[in-house]
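The sequence shown begins at 13 in the numbering used here and counts up one residue at a time.
For each residue, glycine too, the CB sits at the ideal point set by N, CA and C.
This structure is a prediction, so every number in the text was calculated from the model and none was measured.
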Amino acid sequence: MTRDAASFDRLYREKGDPWDYETSPYEAEKYARCLALLPSRRFAHGLEIGCSIGVMSQAIARRCDNLLGLDFAPTAIKLARARGIPGARFEVSRVPEGWPTGKWDLIVLSEVLYYLSPVELDKAIRLVSRSLAPGGSCLVAGYLGPTETTLTAREVETRLLTELAAARPYHDIRRDAATSWIAAVFDCGQDQSSGV
Numbered sequence: 013m014t015r016d017a018a019s020f021d022r023l024y025r026e027k028g029d030p031w032d033y034e035t036s037p038y039e040a041e042k043y044a045r046c047l048a049l050l051p052s053r054r055f056a057h058g059l060e061i062g063c064s065i066g067v068m069s070q071a072i073a074r075r076c077d078n079l080l081g082l083d084f085a086p087t088a089i090k091l092a093r094a095r096g097i098p099g100a101r102f103e104v105s106r107v108p109e110g111w112p113t114g115k116w117d118l119i120v121l122s123e124v125l126y127y128l129s130p131v132e133l134d135k136a137i138r139l140v141s142r143s144l145a146p147g148g149s150c151l152v153a154g155y156l157g158p159t160e161t162t163l164t165a166r167e168v169e170t171r172l173l174t175e176l177a178a179a180r181p182y183h184d185i186r187r188d189a190a191t192s193w194i195a196a197v198f199d200c201g202q203d204q205s206s207g208v
């Protein structure tokens with residue numbers, strides 16, 4: 013990763029909410045508009061990579077029977093767990109090597125993929141593609157400003173959506189953007205050849 017877990021964990025220990033997720037109008041608008049991109053159905057199994065302190069997780073969990081939030085900063089996970097979000101559990105894990113097993117009908121990747129190296133991003137994209145259930149949705153969002161990372165929000169979104177589209181020919185993509193962020197939802201259609 014471009015930044016290590018220790019530096020992120022230190023930020024969470026020192027500031028609790030270093031990016032003002034709980035109070036920022038930017039974050040509130042982004043969360044609402046990102047979630048509005050999702051189909052209006054309920055998800056059985058949701059996965060949020062880079063869940064941080066669980067602010068967006070609260071909104072996502074309202075749409076999921078079960079939500080697993082992952083972050084590589086132990087203090088962030090401790091703060092997310094303290095929210096007591098029904099149906100949600102949070103684990104310390106580093107992606108891509110700590111990617112959980114199973115199929116997910118919702119995968120959320122908000123402001124996280126550009127922190128990966130190009131090699132890690134390729135691995136993560138393959139894992140998303142393999143673990144996204146038929147008929148599932150993947151939400152990707154990213155900050156357009158400076159991030160001190162090798163990759164940009166536009167680059168990671170393009171790479172992810174291109175790979176998912178190649179693997180899932182029956183799909184729909186919905187997008188939204190503001191001056192400082194972009195977001196897209198990739199919805200997998202059912203495989204027409206299988207008759208499901």
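For residue 49 versus residue 186, is the C-beta spacing smaller than 8 Å?
yes
Give me the Cα-Cα distance between residue 188 and residue 29, rounded to the nearest whole angstrom.
25 Å
Return the chain-ordered ranges of every alpha helix (DSSP H) run that is complete within the region 17-74 and spans a minimum of 4 residues.
17-27, 37-49 and 67-73
In three-state terms, what does DSSP make of residue 169?
helix
Inter-residue spacing [alpha-carbon to alpha-carbon] between residue 76 and residue 170
26 Å
Report the residue from 87, 97 and 57 whose alpha carbon sits nearest the alpha carbon of residue 68.
97
Since residue 155 sits in a beta bridge, which residues does DSSP pair it with?
193
Taking only the alpha-carbon atoms, compute the straight-line gap between residue 190 and residue 40 and give it to the nearest angstrom.
13 Å
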